[in-house]
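Student: Read top to bottom, the protein sequences are chains A and B. Using numbering that gives the first Met the number 0, the final residue of the first sequence is 255, and nothing's skipped along the way. Using numbering that gives the first Met the number 0, the final residue of the second sequence is 255, and nothing's skipped along the way. Ideal Cβ positions, reconstructed from N, Cα and C, are used throughout, including at glycine.
There are 2 protein chains.
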Amino acid sequence: MTTSSEPRTEPRTEPHTELLRPDGSPVRVLVVDDESSLTELLSMALRYEGWEIRTAADGAGAVAAARAFRPDAVVLDVMLPDMHGLTVLGRLRRELPDVPVLFLTVKDAVEDRIAGLTAGGDDYVTKPFSLEEVVARLRGLIRRSGAAARRSESVLAVGDLTLDEDSHEVARGGDSIHLTATEFELLRYLMRNPRRVLSKAQILDRVWSYDFGGQANVVELYISYLRRKIDAGRSPMIHTRRGAGYLIKPAEAAAA
Amino acid sequence: MTTSSEPRTEPRTEPHTELLRPDGSPVRVLVVDDESSLTELLSMALRYEGWEIRTAADGAGAVAAARAFRPDAVVLDVMLPDMHGLTVLGRLRRELPDVPVLFLTVKDAVEDRIAGLTAGGDDYVTKPFSLEEVVARLRGLIRRSGAAARRSESVLAVGDLTLDEDSHEVARGGDSIHLTATEFELLRYLMRNPRRVLSKAQILDRVWSYDFGGQANVVELYISYLRRKIDAGRSPMIHTRRGAGYLIKPAEAAAA
DNA sequence: CTTGTTTCTCAGGAAATTCACAGGTTCGAG
DNA sequence: CTCGAACCTGTGAATTTCCTGAGAAACAAG
Chain A
0 MTTSSEPRTE PRTEPHTELL RPDGSPVRVL VVDDESSLTE LLSMALRYEG
50 WEIRTAADGA GAVAAARAFR PDAVVLDVML PDMHGLTVLG RLRRELPDVP
100 VLFLTVKDAV EDRIAGLTAG GDDYVTKPFS LEEVVARLRG LIRRSGAAAR
150 RSESVLAVGD LTLDEDSHEV ARGGDSIHLT ATEFELLRYL MRNPRRVLSK
200 AQILDRVWSY DFGGQANVVE LYISYLRRKI DAGRSPMIHT RRGAGYLIKP
250 AEAAAA
Chain B
0 MTTSSEPRTE PRTEPHTELL RPDGSPVRVL VVDDESSLTE LLSMALRYEG
50 WEIRTAADGA GAVAAARAFR PDAVVLDVML PDMHGLTVLG RLRRELPDVP
100 VLFLTVKDAV EDRIAGLTAG GDDYVTKPFS LEEVVARLRG LIRRSGAAAR
150 RSESVLAVGD LTLDEDSHEV ARGGDSIHLT ATEFELLRYL MRNPRRVLSK
200 AQILDRVWSY DFGGQANVVE LYISYLRRKI DAGRSPMIHT RRGAGYLIKP
250 AEAAAA
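#1: Scan the segment 39–59 of chain A for residues whose Cβ lies nearer than 7 angstroms to a Cβ of chain B and list them as they occur along the chain.
#2: Which of the residues in the segment 179–206 of chain A, read from start to end, lie with their CB under 8 angstroms from any CB of chain B?
#3: CA-CA distance, residue 54 (chain B) and residue 105 (chain B)?
#4: Between which two residues does the beta strand (DSSP E) harbouring residue 245 (chain A) extend?
#5: Could you spell out the range, first to last residue, of the alpha helix (DSSP H) harbouring residue 222 (chain A)?
#6: Excluding the 5 residues preceding and the 5 following residue 188 (chain B) in the sequence, name in chain order all residues of the same chain whose CB lies nearer than 8 angstroms to its CB.
#7: Measuring CA to CA, which of B:31, B:118, B:45 is closest to residue 83 (chain B)?
#8: Determine, for residue 116 (chain B), whether the minimum Cβ-Cβ distance to residues of chain A falls below 8 angstroms.
#9: Let me make sure I understand the geometry here. Which of B:233, B:199, B:42, B:74 has the alpha-carbon closest to that of residue 241 (chain B)?
#10: If you scan the segment 23–103 of chain A from start to end, which runs of the beta strand (DSSP E) of 3 or more residues do you find wholly inside it?
#11: I need the DSSP call for residue 106 (chain A), collapsed to helix, strand or coil.
#12: Considering Cα atoms alone, identify which of B:129, B:142, B:121, B:156 is closest to residue 26 (chain B).
#13: Where does residue 134 (chain A) land, buried or exposed, given buried means 16+ other C-beta within 10 angstroms?
#14: Could you tell me whether the segment 157–175 of chain A touches the segment 37–49 of chain A, using the rule of 3 or more Cβ pairs below 8 angstroms?
#15: Does residue 111 (chain B) get closer than 8 angstroms to chain A when you measure Cβ to Cβ?
#16: Would you verify that the beta carbon of residue 242 (chain B) is, or is not, closer than 8 angstroms to some beta carbon of chain A?
#17: Can you tell which of A:213, A:192, A:212 has the C-alpha that lies nearest to the C-alpha of residue 244 (chain A)?
#18: For chain B, find out if any of its Cβ atoms is closer than 8 angstroms to the Cβ of residue 75 (chain A); answer yes or no.
#19: Using a Cβ cut-off of 8 angstroms, pull out every chain B residue sitting near residue 130 (chain A), in sequence order please.
#20: Any idea what DSSP makes of residue 258 (chain B), helix, strand or coil?
#21: Put residue 144 (chain A) into one of helix, strand or coil per three-state DSSP.
#22: Give me the Cα-Cα distance between residue 139 (chain A) and residue 165 (chain A), rounded to the nearest whole angstrom.
#23: For residue 249 (chain A), collect the residues of the same chain with a Cβ closer than 7 angstroms to its Cβ; drop the 5 residues on either side in sequence, then sort them by chain order.
#24: Between residue 136 (chain B) and chain A, is any beta-carbon pair separated by less than 8 angstroms?
#25: How long is the line joining the alpha carbons of residue 110 (chain B) and residue 167 (chain A), rounded to whole angstroms?
#26: If residue 59 (chain A) and residue 91 (chain A) are in contact, beta carbons under 8 angstroms, what's the gap, nearest whole angstrom?
#27: Could you confirm whether any beta carbon from chain B is found closer than 8 angstroms to the beta carbon of residue 246 (chain A)?
#28: If I measure Cβ to Cβ from residue 127 (chain B) and keep anything under 6 angstroms in the same chain, skipping five residues before and after, which residues do I get?
#29: Go through its chain and collect everything with a Cβ distance to residue 125 (chain A)'s Cβ below 6 angstroms, but skip five positions before and after it.
#30: Kindly say whether residue 224 (chain A), judged by its beta-carbon, lies nearer than 8 angstroms to any beta-carbon of chain B.
#31: Helix, strand or coil for residue 241 (chain B), going by three-state DSSP, please let me know.
#32: Under 8 angstroms, Cβ to Cβ, is there at least one residue of chain B near residue 209 (chain A)?
#33: Could you pull out every residue in the same chain whose Cβ sits closer than 8 angstroms to the Cβ of residue 238 (chain B), ignoring the five residues on either side in sequence?
#34: Please decide whether residue 165 (chain B) counts as near chain A, where near means a Cβ-Cβ distance under 8 angstroms.
#35: Within the 8 angstroms Cβ cut-off, does residue 232 (chain B) reach chain A?
#36: Assuming residue 95 (chain A) and residue 75 (chain A) are in contact, meaning their beta carbons sit under 8 angstroms apart, how far apart are those beta carbons, in whole angstroms?
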């Protein structure tokens, strides 16, 4: 039995470090997509981040909502029923010159044109996406746009393990570690919820894309990969709670 | 009903640490399921938590009740006679954008089609469930949703024994203790009712799933397991009241 | 087209957990 | 003190849960 001595009463942060506007009010995000199941899913996930969400189903609605709601960021599907995303972008910009936009595009579509747009500080993710990806990108945009009060750090740390959300660099105790995209997202999710048990279902819902229909044991598999890279040899940080899920926490001082 | 034999005429002292809304009124929960035996069972257990309960048997009723009752949380069976749980969810969200939902699903059947449910901070339990599980999950949802005063602690403490509901960590006097899932739930139940005698029937009804059909002496067995881990050597916290049940309380100053 | 990487399925095996059973122990009423 | 009921706990087997190797499929880069 690992004998950690203290009862651990360290400050327990909310699921995620909160991002607030300068005046202390919650960050506002406008979600624009014509598939209601998607706006639904996104709304839920983004509200859970503590943000205030408004949705619109088409370009006209988006512009109107932008004017009324004055969001700090916009999630915008490139394909809308009434007008093309780029048209919407133009009108949005007229309302809100500096608001960052996260585009949702289909994989093989006009990726280059979108890519060009991201030069202006915008960003995009391709459908089907994972919620972790969207949330992370959005956080990045908001952080960089200056809409957030404190310029929050892009580095997550748990014990001697660090993960940089901007550069995607991961290191444990000085040794840099190469992770694949999925491994990275899984680790980020764990690290954003340290000391908290996350069920396999939660992980799947959050780290895998919303249309993933495969076996739930991919989670076990990727945990296994992560352990090989993160915990190899050292005292383990990723723990299994049989019947409940997984959690990450700083390694105990290795038993002497 | 369950396999418990004796009539439940237990002393009805006030329940557990109460979760209240900001204005001090009791938390409201809407329970939606078409099996009346289940809504019955749940209502009873949740009322006992000190919450105000309303029930509905189908989707239409759920939406109406949501509008009128404005609950702080909803327990929602995914399979309803008139519409699918996800449809209901959409309509509920229109009424109550931020209300957390606890889904009830069947284990094997639709497991894949509930993807995304936990993503927004919602949660689910699979049938057959134990009441402890439902109550714990609900408390977690409410705690995190902000309906209750923010940042309530997730740690239960009795004497020098602590149990963290987020990390599933248990420790006594600094020594961390590993418990299995069932042991954990049993201990949580005891600790949420300190100094109070809980009969074996109560424990069975509460900690084991409602369809448990085994020998009632599993309770004795698990109490025995717990003692071995919790009380080992130290002065005991788990006590037997012959003919009545068990209770947990802070250890007396150890007799020299 | 070829090659290297990444994602994922599948399946066997290891390990932990749950539980029944039964013999032993303790308690308290008479 | 005696007896039966209530309780405790060792043993072991069935079951569940998790881990991980091997390889197929998908993908990206050259």
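Tutor: If we stick to the structure as given:
#1: Within the segment 39–59 of chain A, the qualifying residues are 39, 40, 43, 44, 46, 47.
#2: From the segment 179–206 of chain A, only 194, 195, 196, 198, 200, 201, 203, 204, 205 have a Cβ closer than 8 angstroms to chain B.
#3: Near 20 angstroms, if we compare the C-alpha coordinates of residue 105 (chain B) and residue 54 (chain B).
#4: Looking at the DSSP string, the run of the beta strand (DSSP E) that includes residue 245 (chain A) is 244–247.
#5: Taken as a continuous stretch (DSSP letters only), the alpha helix (DSSP H) holding residue 222 (chain A) covers 217–225.
#6: Here the set comprises 131, 197, 202, 205, 206.
#7: Closest option to residue 83 (chain B), Cα to Cα, is B:31.
#8: Residue 116 (chain B) counts as touching chain A.
#9: Looking at the Cα atoms, B:199 is the closest of the given residues.
#10: The beta strand (DSSP E) runs lying completely inside the segment 23–103 of chain A and spanning 3 residues or more are 27–31, 51–55, 72–76, given in chain order.
#11: Of the three classes helix, strand and coil, the one that applies to residue 106 (chain A) here is coil, per DSSP.
#12: Among B:129, B:142, B:121, B:156, the Cα nearest to that of residue 26 (chain B) is on B:142.
#13: Counting of Cβ neighbours within 10 angstroms places residue 134 (chain A) among the buried residues, the total reaching 16 or more.
#14: The segment 157–175 of chain A is not in contact with the segment 37–49 of chain A.
#15: Residue placement at residue 111 (chain B) is poorly supported in this model, since its pLDDT is 42, which falls under 50; the coordinates are not used for a value here.
#16: Not an interface residue.
#17: Selected option, being the one with the closest Cα: A:192.
#18: False, the Cβ-Cβ gap to chain B never drops below 8 angstroms.
#19: Chain B residues near residue 130 (chain A): 118.
#20: For chain B, the structure presents residues 0 to 255; residue 258 (chain B) sits outside this window and is missing.
#21: Residue 144 (chain A) carries a helical assignment under DSSP once its states are collapsed to helix, strand and coil.
#22: Taking the straight line joining both Cα atoms gives about 8 angstroms.
#23: Same-chain partners within the cutoff: 157, 158, 236.
#24: Not one chain A Cβ lies under 8 angstroms of residue 136 (chain B).
#25: Any reading at residue 110 (chain B) must be qualified, since the residue scores a pLDDT of 46, below 50, and its modelled position is unreliable; the value itself is stated next. Spanning the two alpha carbons is a distance of roughly 33 angstroms.
#26: With 8 angstroms as the limit, residue 59 (chain A) and residue 91 (chain A) do not qualify as a contact, their Cβ atoms being about 12 angstroms apart.
#27: Closer than 8 angstroms: yes.
#28: Contacts found: 208, 209, 210.
#29: Correct list, in chain order: 104, 106.
#30: No, residue 224 (chain A) does not count as interfacial toward chain B.
#31: In this structure, residue 241 (chain B) counts as coil in the three-state DSSP scheme.
#32: For residue 209 (chain A), the closest Cβ of chain B is nearer than 8 angstroms.
#33: Result list for residue 238 (chain B): 245, 246, 247, 248, in chain order.
#34: Yes, contact with chain A.
#35: Not an interface residue.
#36: Between residue 95 (chain A) and residue 75 (chain A) a beta carbon distance of about 12 angstroms is seen, past the 8 angstroms cut, so the two are scored as non-contacting.
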